[in-house]
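Okay, so here's the structure we're looking at.
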Amino acid sequence: MDRFLSSSINRIDSKGRVSVPAHFRTVLQKRGFSELYALRALDVPALDVGGLDLLDRYEARIGEEDPFLQTADDMSFFCHGDGAFLKIDREGRIQVSDFLREHTGIDADVAFVGRGHFFQMWEPGRLRSYGAEVRARLLKLRQSAAEKRSSGDRE
2 MDRFLSSSIN RIDSKGRVSV PAHFRTVLQK RGFSELYALR ALDVPALDVG GLDLLDRYEA
62 RIGEEDPFLQ TADDMSFFCH GDGAFLKIDR EGRIQVSDFL REHTGIDADV AFVGRGHFFQ
122 MWEPGRLRSY GAEVRARLLK LRQSAAEKRS SGDRE
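Using the numbering used here, the final residue of the sequence shown is 156, and nothing's skipped along the way.
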């Protein structure tokens, strides 16, 4: 399997490092990634983390934009200026830098969340709150769809 799935919480050690979950490291090894690309998520206090393929996807999208328009410039600022490379040591740990902490609020623990082709790093309390919001939105969507189907059956 070469997808980032599931979630786990790991503690930051006394040297400011956190272990990437073993099942995530397996995916990284299968893909041949020795360093990670991290980007501050636009809409949530999390980091989107992946290999160079994540950066490649953003750059491909920038390449579709007119280089003379503000959108291309904004997108470049976002993915190049607001991103960083994270080194993974031999034990599968990364340094929890100010770059990670400032946007996420991470302090003592890091929540890792699989997102398929990439994963996210969160402060665990913020992740719990966000997870509750996601489930509430999806439940509302499901209920709305069920109501539409049932009202359509009556007509």
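Quick reminder that beta carbons are idealized off the backbone N, C-alpha and C, glycines included.
8 Å Cβ cutoff met for V28 and R4: Along the sequence shown, read from residue 1 onward, the residue named residue 28 stands at position 27. Along the sequence shown, read from residue 1 onward, the residue named residue 4 stands at position 3. Yes, the pair counts as a contact, with Cβ atoms nearer than the cut-off.
Proximity to G82 [Cα-Cα], best of R41, G51 and H24: Within the sequence shown, the letter at position 81 stands for residue 82. Nearest neighbour of G82 by Cα position, chosen from R41, G51 and H24, turns out to be R41.
Inter-stretch contact (C-beta, 8 Å, three-pair minimum) for the segment 4-15 and the segment 58-70: no
Rounded straight-line distance, which links the Cα of A133 to that of Q121: Numbered from 1 along the sequence shown, position 120 holds the residue referred to as residue 121. Numbered from 1 along the sequence shown, position 132 holds the residue referred to as residue 133. In a straight line, the C-alpha of Q121 is about 17 Å away from that of A133.
Segments assigned alpha helix (DSSP H), at least 4 residues, entirely inside the segment 56-114: 71-77 and 99-105
For I63 and D157, the rounded distance between their alpha carbons: Outside the displayed range of the chain (2 to 156) lies residue 157, so it cannot be described from this structure.
The segment 97-111 contacting the segment 123-138, beta-carbon criterion three pairs below 8 Å: yes
Cβ-Cβ separation, L87 to L43 (assumed contact under 8 Å), whole Å: One-based indexing of the sequence shown puts residue 43 at position 42. One-based indexing of the sequence shown puts residue 87 at position 86. So it is not a contact: roughly 19 Å between Cβ atoms.
Spatially closest choice to F100 from G93, G84, V135 and K149, by CA coordinates: On the sequence shown, position 99 is the one that residue 100 refers to. If we check each option's Cα against that of F100, G84 comes out closest.
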